[in-house]
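Colleague: Residue numbers (this note's numbering): 490 to 883.
After the structure tokens below, expect a handful of questions from me.
In structure tokens, the structure reads:
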């Protein structure tokens, strides 16, 4: 087995652990907030929303900095730094005595983590270019599996032990992931001479002014925006389709899970085919297929129909982000991939921050249906952008 393959398999496992860790915490975070504040449900909901969103905001602001440093110091140190930052912050959350301490730790975690961008850059920089689609698709599989398993594991740990113990266990999981990277990942990296090298802000500006990077920034932002917009309204939409309030939470979880399952099933196939079909072609198919599967969700009259269209949407969604990242890697010089992935990760986090706010605002003022139509339109716009702006050779 070649070294790039060993690195890839280790990073897929680490990606799974880290994403599971993130999703262990988030589902019960509002319940933990309820133990820290004595105010009513409205205050708990407000604090919960702030604590979840604030991480993405600060991660978006700092991702370009960490990306630039990875090009100077190496990609492996940035992955280790991210794992250790998540480990320390999450572990300390188990000792938070009030929501203000929890808020500070969430902000610090957003500032100093940036794991996904660091892992992406490491894998992309150590993988043969002809295998980039396969490698990034497999890395995304680890992420999707972590998203699926995390909430289940979080609920189990919280029920068996306590919220505080679950934070501590999650922190130790991230620490173990960081140690695995230190011991098992071998990076080929040669730092450039610092003498005569531009300041990292100048380098970031130069990367940003590459037209293809601006296009991919917008495409990734719209993609993440479309993914996250539906989150605040899905349970309410499900409630309008089912009879019996007790089933709403369970059915909503099933609606999200079936999308994740479809991603998990389609990702390996898409990843294998993308290197021969071309990343641009596969991305166009995934975006257009996702748009066509999203539009009918607004018109369904039953949970069965909603589940069917969410599954179809998930099959196409599975290839979207990996193909965007593969195109970015293909069209970017190897020595600047850290900076570029840092920039584009900001688009990912901004979409994660703005998406739920936009979805909630549209639903509050216009109802559920325009949200689904708007998401479908975003995916169509993305398709047009890729067709018009991404080179056909990609």
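For glycine and all other residues, C-beta sits at the position ideal for the given N, C-alpha and C.
Quick caveat: nothing in here was measured; it's all calculated off a predicted structure.
In the DSSP assignment, the alpha helix (DSSP H) including residue 871 goes from what residue to what residue?
Modeller: For residue 871, the enclosing alpha helix (DSSP H) covers residues 857 to 878.
Colleague: Round the Cβ separation of residue 722 and residue 515 to the nearest angstrom and send it over; I've been treating them as touching at under 8 Å.
Modeller: Not confirmed; about 18 Å, so no contact.
Colleague: Can you list the alpha helix (DSSP H) stretches of 4 or more residues lying completely in the stretch 770 to 853, in chain order?
Modeller: 792 to 819
Colleague: Quick one: give me the first and last residue of the alpha helix (DSSP H) that residue 713 is part of.
Modeller: 700 to 717
Colleague: If contacts are defined as beta-carbon pairs under 8 Å, then residue 756 and residue 808 qualify, I think. What distance do you get, rounded to the angstrom?
Modeller: Right, the Cβ-Cβ distance comes to about 7 Å (below 8 Å), so this counts as a contact.
Colleague: Which residue comes first and which comes last in the alpha helix (DSSP H) that contains residue 604?
Modeller: 604 to 615
Colleague: What's the C-alpha gap between residue 633 and residue 613?
Modeller: Going from the Cα of residue 633 to the Cα of residue 613 covers about 18 Å.
Colleague: Does the stretch 500 to 510 come close enough to the stretch 649 to 665 to have 3 or more Cβ pairs within less than 8 Å?
Modeller: yes
Colleague: Taking all protein chains shown into account, do 16 or more other C-beta atoms lie within 10 angstroms of the C-beta of residue 529, making it buried, or fewer, making it exposed?
Modeller: By the neighbour-count criterion, in which 16 or more other beta carbons inside 10 Å mark a residue as buried, residue 529 falls on the exposed side.
Colleague: Is the CB-CB distance between residue 669 and residue 503 below 7 Å?
Modeller: yes
Colleague: Quick one: is residue 705 buried, meaning 16 or more other Cβ sit within 10 Å of its Cβ, or exposed?
Modeller: buried
Colleague: On a Cα-Cα basis, can you pick out the residue from 622, 707 and 797 that is closest to residue 750?
Modeller: 797
Colleague: Does the stretch 837 to 854 come into contact with the stretch 699 to 717, if we say contact requires no fewer than three beta-carbon pairs (one atom in each stretch) closer than 8 Å?
Modeller: Flag = yes, the stretch 837 to 854 and the stretch 699 to 717 touch.
Colleague: Helix or strand or just coil, what does DSSP make of residue 677?
Modeller: coil
Colleague: Residues in the same chain with beta-carbon distance under 6 Å from residue 574, minus the five sequence neighbours each way, listed in chain order, please.
Modeller: 601 and 602
Colleague: Please determine if the stretch 640 to 649 and the stretch 581 to 591 are in contact, where contact requires at least 3 C-beta pairs separated by less than 8 Å.
Modeller: no
Colleague: Given a cut-off of 7 Å on the beta-carbon distance, is the pair residue 792 and residue 731 in contact?
Modeller: yes
Colleague: Between the alpha carbons of residue 727 and residue 794, how many angstroms are there, rounded?
Modeller: 12 Å
Colleague: Can you tell me the Cβ-Cβ gap for residue 787 and residue 868, rounded? I've got them flagged as a contact below 8 Å.
Modeller: In fact, because the Cβ distance is near 13 Å, the residues do not count as touching under 8 Å.
Colleague: Using the C-alpha atoms, what's the distance from residue 836 back to residue 819?
Modeller: For residue 819 and residue 836, the distance between alpha carbons rounds to 18 Å.
Colleague: Let's test the definition: count the other Cβ atoms within 10 Å of the Cβ of residue 652 and tell me whether it reaches 16, buried, or not, exposed.
Modeller: buried
Colleague: Hey, how far is the Cα of residue 822 from the Cα of residue 854?
Modeller: Between residue 822 and residue 854, the C-alpha separation is close to 45 Å.
Colleague: Out of 576, 729, 564 and 616, point me to the one whose CA is closest to residue 658's CA.
Modeller: 576
Colleague: Could you check how far apart the C-beta atoms of residue 702 and residue 829 are, in whole angstroms? I think they sit under 8 Å.
Modeller: 6 Å
Colleague: Please classify residue 850 as buried or exposed, where buried requires at least 16 neighbouring CB atoms within 10 angstroms.
Modeller: exposed
Colleague: Buried or exposed: residue 584, going by 16 or more other Cβ atoms within 10 Å of its Cβ?
Modeller: exposed
Colleague: Considering only residues of the same chain and omitting the five flanking positions on each side of residue 636, which have a CB-CB separation below 7 Å?
Modeller: Here the set comprises 508, 512 and 749.
Colleague: Restricting to runs no shorter than 4 residues, where is the alpha helix (DSSP H) found entirely within the stretch 527 to 552?
Modeller: none
Colleague: For residue 583, does the three-state DSSP call read helix, strand or coil?
Modeller: coil
Colleague: Count the other CB atoms, across all protein chains shown, that sit within 10 Å of the CB of residue 599; report buried if there are 16 or more and exposed otherwise.
Modeller: The residue in question, residue 599, is buried, as its Cβ has 16 or more Cβ neighbours within 10 Å.
Colleague: Per DSSP, what kind of secondary structure is residue 491 in: helix, strand or coil?
Modeller: coil
Colleague: Please state whether DSSP places residue 650 in a helix, a strand or coil.
Modeller: coil
Colleague: With a cut-off of 8 Å on the beta carbons, I'd call residue 763 and residue 626 a contact; round off their distance for me.
Modeller: About 7 Å separates the two Cβ atoms, so the contact holds.
Colleague: Per DSSP, what kind of secondary structure is residue 635 in: helix, strand or coil?
Modeller: Shown here, residue 635 sits in a helix according to DSSP, grouped into three states.
Colleague: What number of angstroms, rounded off, separates the C-alpha of residue 802 from the C-alpha of residue 782?
Modeller: 5 Å
Colleague: Among 521, 555, 656 and 864, which residue has its Cα nearest to the Cα of residue 570?
Modeller: 555
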